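What follows is a set of notes on a single structure, which appears directly below.
There are 4 protein chains.
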Amino acid sequence: MDGFRFSTDLKVRFNETDAQGVVHNSAYLVWFEIARIDYLARFPGGYKGLVEEHDVDVTTIESYVRYRAGCRFDDRLRIWARTTDLRGARFRFEYAIERLTDPAGAVAEGWTAHACVDAKTLKLLRMPVWLAERLAELEL
Amino acid sequence: MDGFRFSTDLKVRFNETDAQGVVHNSAYLVWFEIARIDYLARFPGGYKGLVEEHDVDVTTIESYVRYRAGCRFDDRLRIWARTTDLRGARFRFEYAIERLTDPAGAVAEGWTAHACVDAKTLKLLRMPVWLAERLAELEL
Amino acid sequence: MDGFRFSTDLKVRFNETDAQGVVHNSAYLVWFEIARIDYLARFPGGYKGLVEEHDVDVTTIESYVRYRAGCRFDDRLRIWARTTDLRGARFRFEYAIERLTDPAGAVAEGWTAHACVDAKTLKLLRMPVWLAERLAELEL
Amino acid sequence: MDGFRFSTDLKVRFNETDAQGVVHNSAYLVWFEIARIDYLARFPGGYKGLVEEHDVDVTTIESYVRYRAGCRFDDRLRIWARTTDLRGARFRFEYAIERLTDPAGAVAEGWTAHACVDAKTLKLLRMPVWLAERLAELEL
Numbered sequence: 049m050d051g052f053r054f055s056t057d058l059k060v061r062f063n064e065t066d067a068q069g070v071v072h073n074s075a076y077l078v079w080f081e082i083a084r085i086d087y088l089a090r091f092p093g094g095y096k097g098l099v100e101e102h103d104v105d106v107t108t109i110e111s112y113v114r115y116r117a118g119c120r121f122d123d124r125l126r127i128w129a130r131t132t133d134l135r136g137a138r139f140r141f142e143y144a145i146e147r148l149t150d151p152a153g154a155v156a157e158g159w160t161a162h163a164c165v166d167a168k169t170l171k172l173l174r175m176p177v178w179l180a181e182r183l184a185e186l187e188l
Numbered sequence: 049m050d051g052f053r054f055s056t057d058l059k060v061r062f063n064e065t066d067a068q069g070v071v072h073n074s075a076y077l078v079w080f081e082i083a084r085i086d087y088l089a090r091f092p093g094g095y096k097g098l099v100e101e102h103d104v105d106v107t108t109i110e111s112y113v114r115y116r117a118g119c120r121f122d123d124r125l126r127i128w129a130r131t132t133d134l135r136g137a138r139f140r141f142e143y144a145i146e147r148l149t150d151p152a153g154a155v156a157e158g159w160t161a162h163a164c165v166d167a168k169t170l171k172l173l174r175m176p177v178w179l180a181e182r183l184a185e186l187e188l
Numbered sequence: 049m050d051g052f053r054f055s056t057d058l059k060v061r062f063n064e065t066d067a068q069g070v071v072h073n074s075a076y077l078v079w080f081e082i083a084r085i086d087y088l089a090r091f092p093g094g095y096k097g098l099v100e101e102h103d104v105d106v107t108t109i110e111s112y113v114r115y116r117a118g119c120r121f122d123d124r125l126r127i128w129a130r131t132t133d134l135r136g137a138r139f140r141f142e143y144a145i146e147r148l149t150d151p152a153g154a155v156a157e158g159w160t161a162h163a164c165v166d167a168k169t170l171k172l173l174r175m176p177v178w179l180a181e182r183l184a185e186l187e188l
Numbered sequence: 049m050d051g052f053r054f055s056t057d058l059k060v061r062f063n064e065t066d067a068q069g070v071v072h073n074s075a076y077l078v079w080f081e082i083a084r085i086d087y088l089a090r091f092p093g094g095y096k097g098l099v100e101e102h103d104v105d106v107t108t109i110e111s112y113v114r115y116r117a118g119c120r121f122d123d124r125l126r127i128w129a130r131t132t133d134l135r136g137a138r139f140r141f142e143y144a145i146e147r148l149t150d151p152a153g154a155v156a157e158g159w160t161a162h163a164c165v166d167a168k169t170l171k172l173l174r175m176p177v178w179l180a181e182r183l184a185e186l187e188l
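Residue numbers (the working numbering), protein chains in the order written: chain P, 49 to 188; chain R, 49 to 188; chain X, 49 to 188; chain V, 49 to 188.
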């Protein structure tokens, strides 16, 4: 997937399918989150450390999914993720989902927009410099 | 349903079905919990009040489901619930699920076992007398 | 909510919350679908009839959510829904979510884009005239 | 875990937690299913092959979970699984869940009871001999 440097793999769970025989549209947001968490796990402490040690909470303020082809039970998927648009408290993740058994292009794409907030007051909080720098490094 | 005095109704959600065309086995535990919460909502403050005002947390320590007939998207269900076996910190809920469009007996049954714990320390906590008395009244 | 004529109500389920104490971002797509299904239930046969009697399947091709305020366990929500942009096989649903206990504006908004497909071949299928006419009537 | 020969690992997903800060009780049934599917994946074709090539469907008729300690976001878990009680159409899976970062015994245990049914008629179907033999071999 062009422009992506990070990905995480998963296998479609049976409970993620619905009676149309394909994955329910809400599961993609769960997969995006898994990719986000694995992306951030490369920092010391990861996402948990971010929250627990730095009192920074990351909220989701927007999400968008483009569904291109239905995913089925047991499909092996690769979720690509990258950060973009860091500005003050806000930043975005972009995603592309590829089916490993049938790599004919993305089966889905999407993005989520986030804001850093103070874990106690929930007020907007400029992204900590160390985090902004690490994200910038990762996507250079 | 014999021996039950309380029930709550719901409609099967599309995302609760799976690729076998019927409801996924894990959804029944979600429905049991909905019935539990609606059952307790008859107390002042309900389940939230229990936790927030009385510092009592209710944990689930066991769950059992007997699946008798597959439920399908859009089925109207009635979830019957009752409390039983109050002893110290512990008590149980029993459930029966009936399909309203086809009331030929329970489509599922089950029970969950719970313990009252201190919301802060998570230590076992004898059920508050007022709660034990209310539960006993409700099931007389 | 301005411009909406249809809504459906629900209560936040405990399992829809996550460890941040608010509803998980993926649950909103489940609620949008519930509103869609209830919206279509006003047709004879509803969504199920559409699929089972008319061999029309409705796929989701895009989804977007704008999260404005966290929803919490037991919140009473009203999900507003309307159809828009009917063109050939494609159409959209728009949504706004209001908290009934705190009606200070939408806690979330969003839209989903859909296509009618043949339930067997999954090929794009112009929306049946009777359906397009009913949708147009509902939103006049 | 005594008596188990098969296990599969997973990491707790954020959406599997609830507002009590621990994993929701219904997620354990999803994990049991993942273990079941991975267990059966050692057969040619796996669970999908069982259904698609042999017209055998496996239904869940009972489930039981004993929750011993709350699991948290990002916990690494090992789900142990074994089959038992093969009799005619029926058989059971037993499970134990261990936290890899804190291997002080099972955080949960449980079992599910299943029946083989004809994938078309849903009538009970004696377990195919080849499958019974493979299961017996695996657990010798």
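Backbone N, C-alpha and C fix where the C-beta goes; we use that ideal spot for every residue, glycine too.
Bear in mind that the values here come from a model prediction, so they are computed numbers and not experimental data.
Own chain, CB closer than 7 Å to residue i, minus 5 neighbours either side, in chain order
| i | result |
| --- | --- |
| V/V60 | V71, C119, R120, F121, D122, D123 and L125 |
| V/A117 | V155 |
| P/V104 | L98, C164, A167, L173 and P176 |
| R/R182 | F91 |
| X/Y87 | F54 and A129 |
Secondary structure of residue i, DSSP reduced to three states
| i | result |
| --- | --- |
| P/V78 | helix |
| V/V113 | strand |
| R/D123 | coil |
| V/K168 | coil |
| R/D86 | helix |
| P/A184 | helix |
| P/L98 | helix |
| P/F62 | helix |
| P/L179 | helix |
| P/F91 | coil |
| R/V71 | strand |
| V/F52 | coil |
| R/D57 | strand |
| P/L173 | coil |
| V/D103 | coil |
Test: residue i CB closer than 7 Å to a CB of chain V
| i | result |
| --- | --- |
| R/V155 | no |
| P/K168 | no |
Residue i at chain R interface by Cβ criterion, 7 Å
| i | result |
| --- | --- |
| V/E110 | yes |
| X/D122 | yes |
Same chain, Cβ closer than 8 Å to residue i, five either side skipped, listed in chain order
| i | result |
| --- | --- |
| X/A137 | A163, C164, V165, L172, L173, R174 and M175 |
| P/I82 | T56, L58 and I127 |
| X/T149 | D123 and R124 |
| X/I85 | G94 and Y95 |
| R/D66 | H72 |
| V/A180 | L134 |
| X/A184 | L134 |
| R/R53 | R130, L186 and E187 |
| P/G69 | G118 and R120 |
Residue i: contacting residues in chain R (beta-carbon distance under 7 Å)
| i | result |
| --- | --- |
| X/R61 | V78 and I82 |
Within chain X, partners of residue i - CB distance below 7 Å
| i | result |
| --- | --- |
| V/G69 | A67 |
Listed by chain order, chain X residues near residue i by CB distance under 8 Å
| i | result |
| --- | --- |
| R/I127 | Going along chain X, no residue has its Cβ under 8 Å from R/I127, so there is no contact; the nearest lies around 13 Å. |
CB contact check: residue i to chain X, cutoff 7 Å
| i | result |
| --- | --- |
| R/K171 | no |
Any C-beta of chain P under 7 Å from that of residue i
| i | result |
| --- | --- |
| X/V113 | yes |
Same chain, Cβ closer than 6 Å to residue i, five either side skipped, listed in chain order
| i | result |
| --- | --- |
| R/Y115 | A156 |
| X/L58 | L125 |
| X/W159 | Y112, R140 and E142 |
Interface residues of chain P facing residue i [CB-CB closer than 7 Å]
| i | result |
| --- | --- |
| X/S74 | S74, L77 and V78 |
| V/I85 | F62 |
So within the stretch 137-169 of chain P, which uninterrupted beta strand (DSSP E) runs reach at least 3 residues, ignoring any that extend past its ends? 138-147 and 154-166
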